[in-house]
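Going by full-length UniProt numbering, the sequence shown opens with residue 1, and the numbers climb by one from there.
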Amino acid sequence: MPLPPQVRKELGLLKQVNTSTADINRYLSNKLAHNKRETYFNT
């Protein structure tokens, strides 16, 4: 499954740091948590 352009762009920002699986998982977890908070507060 190809990554959407926005995700590719944001993951590209991680190239400056170590893009290990743990880093990517942490990034995605933070992103999901942020989106959940926005959904909660916007309802």
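For glycine and all other residues, C-beta sits at the position ideal for the given N, C-alpha and C.
Since this is a predicted model, take the numbers as computed values, not measurements.
Extent of the continuous alpha helix (DSSP H) to which residue i belongs
i          : result
residue 11 : 5–12
Residue i versus residue j: straight-line alpha-carbon distance, rounded
i          : j          : result
residue 2  : residue 8  : 9 Å
residue 4  : residue 36 : 20 Å
residue 33 : residue 25 : 12 Å
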